[in-house]
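Engineer: Under our numbering, residues 1143 to 1275 are what the sequence shown spells out, in order.
Backbone N, C-alpha and C define an ideal beta-carbon position, used for all residues, glycine too.
This structure is a prediction, so every number in the text was calculated from the model and none was measured.
Here it is, the structure in full.
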Amino acid sequence: YNVARIKLGWAHELRLGNLKARRDWGFAGDYVKAMWLMLQQEVPTDYVVATGVTHSVQEFVEIAFDHVQLDWQKYVLIDPRFVRPAEVDFLQGDATKARKELGWEPTVSFEELVKLMVEADLELLSKEAKAKG
């Protein structure tokens, strides 16, 4: 959201905590498909839905700013208030069971996901600006 605000000139910085934290980000539409596949099973069971691939917060930021042709280093500030005291640096899911039993696979790459998010934010903010006149 703030990358779009910066691109539109409505903000001038993005304050973040730990850029090295790694997460297993995935596309909500892919996860909804996994949930639907779970509901089609005869016997209920637990599944982990994840891409199985981690990316750092910094990678996310780099792709987002690159998508709007801005240098992230000019806008991102590390703010100690946003560094979690009990930070888990690495979160990765193992969706092996979902892949084997459901035939589920994520279809949207991390880079595509970040770009989709930035585009959605730009569209939303542009509509808000037009509505305000």
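(1) Return the Cβ separation of Ala1206 and Val1256 in integer angstroms, given the expectation that the two are a contact with Cβ distance under 8 Å.
(2) Where does Lys1149 land, buried or exposed, given buried means 16+ other C-beta within 10 angstroms?
(3) For a quick check, are the C-beta atoms of Ala1176 and Ala1240 less than 9 Å apart?
(4) Who are Ser1198's beta bridge partners in DSSP?
(5) Give a yes or no on whether the C-beta atoms belonging to Val1218 and Val1203 are separated by under 9 Å.
(6) What are the residues that DSSP puts in a beta bridge with Ile1220?
(7) Between which two residues does the alpha helix (DSSP H) carrying Arg1241 extend?
(8) Measuring CA to CA, which of Ala1146, Leu1158, Thr1238 and Trp1214 is closest to Arg1223?
Structural biologist: In this structure, then:
(1) At roughly 5 Å, the Cβ-Cβ gap stays under 8 Å, so Ala1206 and Val1256 are in contact.
(2) Buried, because 16 or more other Cβ atoms sit within 10 Å of the Cβ of Lys1149.
(3) It is a contact, given that the beta carbons lie within the stated cut-off.
(4) In the DSSP output, where bridge partners are listed per residue, Ser1198 has Arg1164.
(5) Yes, they are a contact pair.
(6) According to DSSP, which records beta bridges pairwise, Ile1220 is partnered with Leu1158.
(7) It spans Thr1238 to Leu1244 - the alpha helix (DSSP H) in which Arg1241 sits, taken as one unbroken run.
(8) Taking only the C-alpha atoms, the option nearest Arg1223 is Leu1158.
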